[in-house]
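Student: Numbered per my numbering, the sequence shown spans residues 279 to 1256.
Cβ coordinates follow ideal geometry from the N, Cα and C atoms, glycine included.
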Amino acid sequence: MKTSYNIVFACLLFIGSSTSAQIQKMALPIADGKKTEVARLSPIPSEKDLKVSLNGEWLFSENTKIESYRKRIQVPGEWVMQGFTVNAGETANYSKNLNIPASWQGKRIKLKFDGVSSHAVVKINGRKVSEHEGSFVPFESDITDFLHSGDNLLEVEVQALTVSDILACTSQYAAHTVGGILRKVTLFALPEVNIADISATTSFDSNYKNSSLQLKTKVVNESKITSSAQISYMLTDNDDKIVLKKIIPLDKALAPGESTLSRKSFFIKNPRQWNTEHPYLYNLTTELIVNGKAIQKNTQKIGFRQVEIKGNQLFVNGHPIKLRGVNRHSVHPLTGRSISPELEIKDAGLFKQANCNYIRSSHYPPSQEFLEEADRIGLFVENESSLTWIQHHASPMWGLWDYKDEKFLPYMISANLEKMQAAKNHPSVIIWSLGNESRWSPLWQKVLDKVKEFDSTRPTSFHDQCWGGFNNAGSKADIANYHYPGMNGPAATDTMSRPTLFGEYAHVSTYNRRELATDPGVRSAYALPLVKMYDSMYYHKGNLGGAIWSGIDDTFHLPDGRIVGYGPWGPIDGWRRPKPEYWGMKKAYAPVVIKNLNDLKVQNNQLILQVENRYDFVSLQDVSISYKTNVTTGKISSQIGPHQNGFLKIPVNEQTKEVYITFKDPGGFITNEEHIVLKKTEEVQYKTIESLALEENPSAYFIQQGDVRYTVDKANGIISGAESKGQRILSQGPVFCVVPMNNEDGGKPNVAGETYQNNIYPIKNYPLYTLYVKNITTQQTEDAIIISMETTYKSANGSIKYSFMKNGNVKVDYDIKCWDEATAKPYQYGMLFQLPPAFDQLSWKRRGDFTVYSPDDIARDSGTTKLNAKWLSSVEEQGKQPSALWKDDANEMGSNDFRSTKQHIIHAELTNSNNNGITVLSDAKQSSRSWLQDSNIQFLIADYSNSGSEPFYGSPFTDQRINIKGKQLIGNVIFRLR
């Protein structure tokens, strides 16, 4: 038996005159004949002269009890980010004079707020018009009966930290109070008989060829006389060709205050479909006709697409899809959770060009501007309600509150239905997310029932854990969820009866904050494990895909000088600059993959490439494939279908040394590229040194190698210096060094890891402390001078051998065992040089994990960069928009580019302005890292390096971690000075 609940929604709007009040609602039919009441959101009229933006400067008071003290504030915007403080329980006041255009006389005047955090009371001329609870969702007020001639005063009284904020953890999550008018404000006029709502849905026949367009249009008579009306629909394509034109009379005349819902279904023959690879949009114009005259006109975009679940897979337009995505917060360091429309559009484009086809709007609904851009460029959106951590350890309130208490149900339903009402006509929205990382309960079941009543055309998700003992209480959402799986996760999804989404996975490094400040190269090590992880996700059909955590750095530069938030956990930073993870994500998510790069075949003067098409909808015929060799250029056409494999053939001959191939997405950007080397070029040959001599005194050995003179201290066995023609090149080393893993987050008190702060500083790393050496021997051969010794360190022992060779190289071999628990789990180990600070230019060549890198990526295969060290008073420059690329940001250890680990080096060198310096020669199995510390340039050549110490990492990101306590570590470094 179904229980009936009488619920007063937090989203209801109270509209009235001075003598009466009425509740304006929109009734939507549900299966059992009862009604679910949802607040009205009128379609905004098309005509520019019928709408006015109220964005811009308003007057603001931090306390309604001191209204005379007002300052200017920008709307939309967070008040905290503009230097204001409003505490819990206090009420801020926004005010603005309204000038109603004379041409709006006789119309209904509506006021729409796209998002106010978190409780708002709207007043006109001192009289209460409406009240709303809940952030990041739009609400509307009819202010007609509260206006008078001349100037009118609009006021909005806003409280933050109310119940909807707590249920969403909005302010807790942002590590500051998120309060204010966050999104745009629009004033508009409608005729007294008007269209109150338009809903458009599409479905296809069994062959996914012809479509049904279902239109539900609600018409309301807000005049004082009975009126008859007609609705005109016109659907046009992008060439303005009319696809549909119909005039539909209303079933009855509408008495004053009466409304009707017109439902019509139209057959559309073979429409172009909307999908993420060809996001085709039609234009729907709806007009309301009274007495033969169109009195209201609305235009909107329509995309023909159908979403279905079949077994444990999700289908769009009959095609199984795989989601390649990120989680996205609305955030900017200077404006907080209130961002400009331009930034909303830029975000969509940045992720699209990184091969994402899916965005999860964590953890609140996206703006209208973002959804419109997602519709336009082709992004799937999982639209999430502003509800998070209900009965989760990350939200402390649930130690006090009961998560099954029915008093929370109205807010939970409202948070879902209001966002659905706002976004229901966007084809990009394919999943409704009920909430984030919460525990399933009977309340969530009731929310789910209401959501399905509102919209049965889209599946639902609920972000819990669908297996294991943690946060797994049996969600009944259509799509199962699991956060932060390891490499065994994708295979596990094939055992599930529902499609399984990894709603958060592959957490970008952020909590190892000091390690990241020390070595940005940790970020470059993210790419290869991500490729491995996504490859597995792609091949398991029960795995719907996933969203990387997270999309954008969640960093807030508060006006009082503090920097707060969760910090740098995005592939792009808060200023919208790509970071190393961005390029790794683009590679992992490439929808066209060459599978045999390590097993190339040339047959009959053709390079044979095995290619996998991971697009969901298009064949490679829709992808522009170009190649360029050192001999010729050309284009290739292919018919390989979506989710299929095949071969490409590129003409080559004996003169062909290399092939560069690009795949251009139907959207016009390069989706993948490879540089294939068929004939390797010769490495640089260095000049042989003729002279080689050894001298000694009681304290040191002196080795003359051509123009370079080395000093080896007999007491500790360390090269204590090297110079050439009076120029000192080496200050010390190389000496064995272990860099321990470090996941220090800065130590700020927190509930759920929101520890980003000003006081995060890089870590100094030093070589092992040498106590003494013994059993030193020297040997001089025809080609080298060799000095060997047994070495005892403070926490290790072993042997070192120097070979000063006639070819100009120096080889240092080590064989060491470490016993210190503090260094048992290394991030890196190898040999550490120290050079004078003048050697501030780094150049390198390496053999990367991929064949092509962006020139802006610190992981590029070759490059030259400068130290450019810069002392900062905090973890990043506070309140200042950077002018350079991310790779050029710097701290006291140097720029991101200079101080980041370069893996798989072939050679790396440090030079001064006279081109003197050190060159390390390697076999692409070592890494280099350089930084400024204690007035010297440190230069580590590591035989071991892993992906860093991020505590959220699991397999495959942690696969390379080792324990070296008591283990024999053997390696060497080869270098030459000039």
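Among Q584, P549 and V659, which one has its Cα closest to the Cα of R602?
Tutor: Here residue 602 refers to the residue found at position 324 when the sequence shown is read from its first residue. Taking only the C-alpha atoms, the option nearest R602 is V659.
Student: Per DSSP, what kind of secondary structure is S1009 in: helix, strand or coil?
Tutor: Position 731 of the sequence shown, counted from the first residue, corresponds to residue 1009. The answer is coil: DSSP assigns S1009 none of H, G, I, E or B.
Student: Using the Cβ count rule (16 or more neighbours within 10 Å means buried), how would you classify G334?
Tutor: Position 56 of the sequence shown, counting from 1, holds the residue named residue 334. Answer is exposed; the Cβ neighbour count stays below 16.
Student: For T297, which residues in the same chain have their Cβ closer than 8 Å to its Cβ, ignoring the five residues on either side in sequence?
Tutor: Translated into the one-based positions of the sequence shown, residue 297 becomes position 19. The pLDDT assigned to T297 is 31, lower than 50, so where the model puts this residue is not dependable; a value taken from the coordinates is nonetheless given after this. Excluding positions up to five away in sequence, the list is empty.
Student: Taking the alpha-carbon positions, what's the G764 to G1232 distance?
Tutor: If you number the sequence shown from 1, residue 764 lands on position 486. If you number the sequence shown from 1, residue 1232 lands on position 954. Taking the straight line joining both Cα atoms gives about 6 Å.
Student: Report yes if the CB atom of T479 is closer than 9 Å to the CB atom of T735, and no otherwise.
Tutor: Start at 1 with the first residue of the sequence shown, and residue 479 comes out as number 201. Start at 1 with the first residue of the sequence shown, and residue 735 comes out as number 457. Yes.
Student: Among S1227, Q1058, K864 and T989, whose alpha-carbon lies nearest the alpha-carbon of M1019?
Tutor: Numbered from 1 along the sequence shown, position 741 holds the residue referred to as residue 1019. Comparing Cα-Cα distances from M1019 to each of S1227, Q1058, K864 and T989, the minimum goes to S1227.
Student: Cβ atoms of I1252 and I1007: under 9 Å apart, would you say?
Tutor: Counting from 1 along the sequence shown, the entry for residue 1007 is found at position 729. Counting from 1 along the sequence shown, the entry for residue 1252 is found at position 974. No, they are not a contact pair.
Student: Give the secondary structure of Y964 by DSSP, where H, G and I count as helix, E and B as strand, and everything else as coil.
Tutor: Taking the first residue of the sequence shown as position 1, residue 964 is located at position 686. It is coil, neither helix nor strand.
Student: With T788 and M1171 assumed to form a contact (beta carbons below 8 Å), what rounded beta-carbon distance in angstroms separates them?
Tutor: Counting from one through the sequence shown, the residue named residue 788 turns up at place 510. Counting from one through the sequence shown, the residue named residue 1171 turns up at place 893. Their Cβ separation, rounded to whole angstroms, is 19 Å, which puts T788 and M1171 out of contact at 8 Å.
Student: Just to confirm, is the Cβ distance from Q699 to A446 under 9 Å?
Tutor: On the sequence shown, residue 699 is found 421 positions in, with the first residue counted as 1. On the sequence shown, residue 446 is found 168 positions in, with the first residue counted as 1. Their beta carbons are not under 9 Å apart, which means Q699 does not touch A446 by this criterion.
Student: Based on DSSP bridge pairs, tell me the residues matched to N950.
Tutor: Within the sequence shown, numbered from 1, the residue matching residue 950 stands at position 672. Answer by DSSP bridge pairing, in chain order: F941.
Student: What residue from S339, A1116, N375 and N703 has the CA that sits closest to L1210's CA?
Tutor: The residue labelled residue 1210 in the question sits at position 932 within the sequence shown. Of S339, A1116, N375 and N703, the residue nearest in Cα terms is A1116.
Student: According to DSSP, simplified to helix, strand and coil, what is G1024?
Tutor: Position 746 of the sequence shown, counted from the start, is the residue given in the question as residue 1024. Three-state DSSP puts G1024 in coil, outside helix and strand.
Student: Return the CA-CA distance between G677 and C744, expressed in angstroms with no decimal places.
Tutor: The residue given as residue 677 occupies position 399 in the sequence shown. The residue given as residue 744 occupies position 466 in the sequence shown. Rounded to the nearest angstrom, the two C-alpha atoms are 24 Å apart.
Student: Counting beta carbon pairs with one atom in the stretch 372-391 and one in the stretch 631-643, are three or more of them shorter than 8 Å?
Tutor: Judged by Cβ distances under 8 Å, the stretch 631-643 makes no contact with the stretch 372-391, as fewer than three pairs qualify.
Student: Output the boundary residues of the beta strand (DSSP E) element that contains T448.
Tutor: Stepping through the sequence shown from its first residue, residue 448 is reached at position 170. T448 -> not in any beta strand (DSSP E); alpha helix (DSSP H) instead, spanning T448 to A452.
Student: If you draw a straight line from the alpha carbon of W722 to that of I872, how long is it in whole angstroms?
Tutor: The residue given as residue 722 occupies position 444 in the sequence shown. The residue given as residue 872 occupies position 594 in the sequence shown. Rounded to the nearest angstrom, the two C-alpha atoms are 44 Å apart.
Student: Express the C-alpha separation of V400 and S408 in angstroms, rounding to a whole number.
Tutor: By 1-based counting over the sequence shown, the position of residue 408 is 130. By 1-based counting over the sequence shown, the position of residue 400 is 122. Taking the straight line from one Cα to the other gives about 5 Å.
Student: Please determine if the stretch 411-419 and the stretch 386-399 are in contact, where contact requires at least 3 C-beta pairs separated by less than 8 Å.
Tutor: Enough Cβ pairs lie closer than 8 Å, so yes.
Student: Could you give the first and the last residue of the continuous alpha helix (DSSP H) run that contains T1197?
Tutor: Within the sequence shown, residue 1197 is the residue found at index 919, counting from 1. Run containing T1197: none in the alpha helix (DSSP H); it sits in the beta strand (DSSP E), G1195 to Q1211.
Student: Leaving aside the five residues before and after K575 along the sequence, list all residues of the same chain whose C-beta is less than 6 Å from its C-beta, in chain order.
Tutor: Position 297 of the sequence shown holds residue 575. Cβ neighbours of K575 beyond the five flanking positions: S324 and E565.
Student: Report the residue from T773, K530, Y1034 and P557 whose alpha carbon sits nearest the alpha carbon of N590.
Tutor: Residue mapping note: residue 590 aligns to position 312 of the sequence shown, counting from 1. The shortest Cα separation from N590 among T773, K530, Y1034 and P557 belongs to T773.
Student: With a cut-off of 8 Å on the beta carbons, I'd call N661 and V707 a contact; round off their distance for me.
Tutor: One-based indexing of the sequence shown puts residue 661 at position 383. One-based indexing of the sequence shown puts residue 707 at position 429. About 5 Å separates the two Cβ atoms, so the contact holds.
Student: Helix, strand or coil for R717, going by three-state DSSP, please let me know.
Tutor: Numbered from its first residue, the sequence shown carries residue 717 at position 439. R717: coil per DSSP, three-state reduction.
Student: Do you know whose CA, among T911, K913, D894 and V901, lies nearest Q922's CA?
Tutor: As a first step, residue 922 must be located in the sequence shown, where it is residue number 644. Measuring from the Cα of Q922, the nearest candidate turns out to be D894.
Student: State buried or exposed for G581, treating a residue as buried only when at least 16 other CB atoms are found within 10 Å of its CB.
Tutor: For the purposes of this step, residue 581 is identified with residue 303 of the sequence shown, where counting begins at 1. Buried, since its Cβ has 16 or more Cβ neighbours within 10 Å.
Student: Inspect the CB distances between the stretch 436-443 and the stretch 457-465 and report whether three or more fall short of 8 Å.
Tutor: Contact between the stretch 436-443 and the stretch 457-465 is present, because at least three Cβ pairs lie under 8 Å.
Student: Would the stretch 1066-1074 and the stretch 856-874 be scored as touching if the rule is three or more Cβ pairs under 8 Å?
Tutor: The answer is no - the stretch 856-874 does not touch the stretch 1066-1074, with fewer than three Cβ pairs under 8 Å.
Student: Judging by CA-CA distance, which residue of N1250, N1241, E1022 and K1243 is the nearest neighbour of K1229?
Tutor: Translated into the one-based positions of the sequence shown, residue 1229 becomes position 951. The residue you asked about is not Lys; residue 1229 is Pro in the sequence shown. That would be E1022, whose Cα lies nearest to the Cα of P1229.
Student: How long is the line joining the alpha carbons of E974 and G1249, rounded to whole angstroms?
Tutor: As a first step, residue 974 must be located in the sequence shown, where it is residue number 696. As a first step, residue 1249 must be located in the sequence shown, where it is residue number 971. Each residue's alpha carbon lies about 27 Å from the other.
Student: Would you mind reading off the limits of the alpha helix (DSSP H) that contains V800?
Tutor: Counting from 1 along the sequence shown, the entry for residue 800 is found at position 522. G799 to S802 is the extent of the alpha helix (DSSP H) around V800.
Student: Within this structure, are the beta carbons of V548 and K487 separated by less than 9 Å?
Tutor: The count along the sequence shown starts at 1 and reaches residue 548 at position 270. The count along the sequence shown starts at 1 and reaches residue 487 at position 209. The amino acid occupying residue 548 in the given sequence is Asn; Val does not appear at that position. Cβ distance < 9 Å, so N548 and K487 count as in contact.
Student: If you reduce the DSSP assignment to three classes, tell me which class Y511 lands in.
Tutor: One-based indexing of the sequence shown puts residue 511 at position 233. In this structure, Y511 counts as strand in the three-state DSSP scheme.
Student: Compare the beta carbon distance of F925 and Q888 with 9 Å and say whether it is the shorter of the two.
Tutor: For the purposes of this step, residue 925 is taken as residue 647 along the sequence shown, with counting starting at 1. For the purposes of this step, residue 888 is taken as residue 610 along the sequence shown, with counting starting at 1. Yes, they are a contact pair.
Student: DSSP three-state call for D772: helix, strand or coil?
Tutor: Numbered from 1 along the sequence shown, position 494 holds the residue referred to as residue 772. Reduced to three states, the DSSP call for D772 is coil.
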